[in-house]
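J.: Residue numbers (this note's numbering): 1358 to 1594.
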Amino acid sequence: MSAHRPWEAAETLPRGEAGNTRVDHLVVLDLVPANARVLDIGCGDGALLALLRDRRGVDGRGIELSREGVNACLARGLPVIQGDADTDLANYPDDAFDVVVLSQTIQATRNPRIVLEHLLRIGRQVIISFPNFGHWRVRSELALRGRMPVTALMPEEWYETQNIHHCTIRDFVGLCRTVNAEIEKATALDASGRPMRFAMPWWVWNLMGAQGVFLLRRGTGGAPRPMARDAVARENP
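1) Just the Cα atoms here: how many angstroms apart are residue 1409 and residue 1383?
2) In whole angstroms, what is the alpha-carbon distance linking residue 1565 and residue 1492?
3) So residue 1484 and residue 1388 are in contact, right, with Cβ under 8 Å, and what is the actual spacing, rounded?
4) Quick one: is residue 1460 buried, meaning 16 or more other Cβ sit within 10 Å of its Cβ, or exposed?
5) Apart from the five residues just before and just after residue 1490, which ones in its own chain have a Cβ nearer than 7 Å to its Cβ?
6) Going straight from the alpha carbon of residue 1533 to that of residue 1539, what length do you get?
7) Using DSSP with H/G/I as helix, E/B as strand and the rest coil, what is residue 1448?
8) Can you tell me whether residue 1391 is buried or exposed? The criterion is at least 16 other CB atoms within 10 Å of its CB, across all chains shown.
9) Among 1393, 1429 and 1380, which residue has its Cα nearest to the Cα of residue 1453?
10) Hey, quick one: how far does the beta strand (DSSP E) through residue 1398 stretch, first residue to last?
11) Using the C-alpha atoms, what's the distance from residue 1486 back to residue 1528?
12) Going by DSSP, what residues sit across from residue 1385 in a beta bridge?
13) Rounding to the nearest angstrom, what Cα-Cα distance links residue 1412 and residue 1503 in this structure?
14) Grab me the residues of residue 1574's own chain with a C-beta within less than 8 Å of its C-beta, minus the 5 sequence neighbours each way, in chain order.
15) Taking the alpha helix (DSSP H) that residue 1412 belongs to, which residues open and close that run?
16) Beta strand (DSSP E) containing residue 1488: first to last residue?
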């Protein structure tokens, strides 16, 4: 973990916010350097990758699980292949990209720890965003109604959702420690998708943030090699 306090609120949104561009995409845009080599995993219809190409001039690639998403990306002129983060990241060499992006996807992977370890291996920097299951609306839905929440970031019913590993901001920080990931920057976005405007203790972010956005890199000791699946099974019988 980094020695400095990473929990700094974003001071401003990136310039040029317009149209229907998602604010969390603009936050990611602000973290990616110009002309970087970028891999966007779970890139959906390619909206974020196209934004990075058009506004940062990145050399971007994408992996998307759904054929519909791949077709939408190809229609945008984006070099995207159909693939699965849980199985295909092992095929990429170390330090293959300057930045690897996993936006609103880690909670849908089967093995988030292994996926994160691969991201830290193949990217010099890693940007991850995810819905915060510790947000007060989620807590109140569970506490008062006794039901799995349905929100803007988690819109499907529990029996239809692809989100199989919900986590809180605090949970994710703990995972970063486990895999020796250094948090360079982090912010929480409120329910409207806008960065929270003032620095706060982590527990406030965990309660008030609807989603978290993290910029990571390998710790000084290096990220551990991704664990084999049978080792994970032994560790979590």
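Glycine included, every Cβ here is placed at the ideal spot set by N, Cα and C.
T.: Let me lay it out:
1) Here residue 1409 is taken as the residue at index 52 of the sequence shown, counted from 1. Here residue 1383 is taken as the residue at index 26 of the sequence shown, counted from 1. Rounded to the nearest angstrom, the two C-alpha atoms are 9 Å apart.
2) The sequence position of residue 1565 within the sequence shown is 208, counting from 1. The sequence position of residue 1492 within the sequence shown is 135, counting from 1. Roughly 6 Å separates the two Cα atoms.
3) Numbered from its first residue, the sequence shown carries residue 1484 at position 127. Numbered from its first residue, the sequence shown carries residue 1388 at position 31. Residue 1484 to residue 1388, Cβ: 6 Å. Contact.
4) Numbered from 1 along the sequence shown, position 103 holds the residue referred to as residue 1460. Counting Cβ neighbours within 10 Å, residue 1460 comes out buried, since at least 16 surround it.
5) Here the question's residue 1490 lines up with position 133 in the sequence shown. Only 1523, 1524 and 1525 meet the Cβ criterion.
6) Along the sequence shown, one-based indexing puts residue 1533 at 176. Along the sequence shown, one-based indexing puts residue 1539 at 182. So the two alpha carbons sit approximately 7 Å from each other.
7) Residue mapping note: residue 1448 aligns to position 91 of the sequence shown, counting from 1. Residue state, collapsed to three classes: helix.
8) To locate residue 1391, count along the sequence shown from 1; it is residue 34. Residue 1391 comes out exposed.
9) By one-based count along the sequence shown, residue 1453 stands at place 96. The candidate whose alpha carbon is nearest that of residue 1453 is 1393.
10) In the sequence shown, counting from the first residue as 1, residue 1398 sits at position 41. Segment 1394-1398, the beta strand (DSSP E) holding residue 1398.
11) Start at 1 with the first residue of the sequence shown, and residue 1528 comes out as number 171. Start at 1 with the first residue of the sequence shown, and residue 1486 comes out as number 129. When rounded, the distance between both Cα atoms is 13 Å.
12) Numbered from 1 along the sequence shown, position 28 holds the residue referred to as residue 1385. Looking at the DSSP assignment, residue 1385 forms no beta bridge with any residue, so it has no partner.
13) Numbered from 1 along the sequence shown, position 55 holds the residue referred to as residue 1412. Numbered from 1 along the sequence shown, position 146 holds the residue referred to as residue 1503. So the alpha carbons of these two residues sit roughly 44 Å apart.
14) Translated into the one-based positions of the sequence shown, residue 1574 becomes position 217. Correct list, in chain order: 1477, 1481, 1482, 1483, 1538, 1539 and 1541.
15) The residue labelled residue 1412 in the question sits at position 55 within the sequence shown. Taken as a continuous stretch (DSSP letters only), the alpha helix (DSSP H) holding residue 1412 covers 1404-1413.
16) Residue mapping note: residue 1488 aligns to position 131 of the sequence shown, counting from 1. Start and end: 1480-1488.
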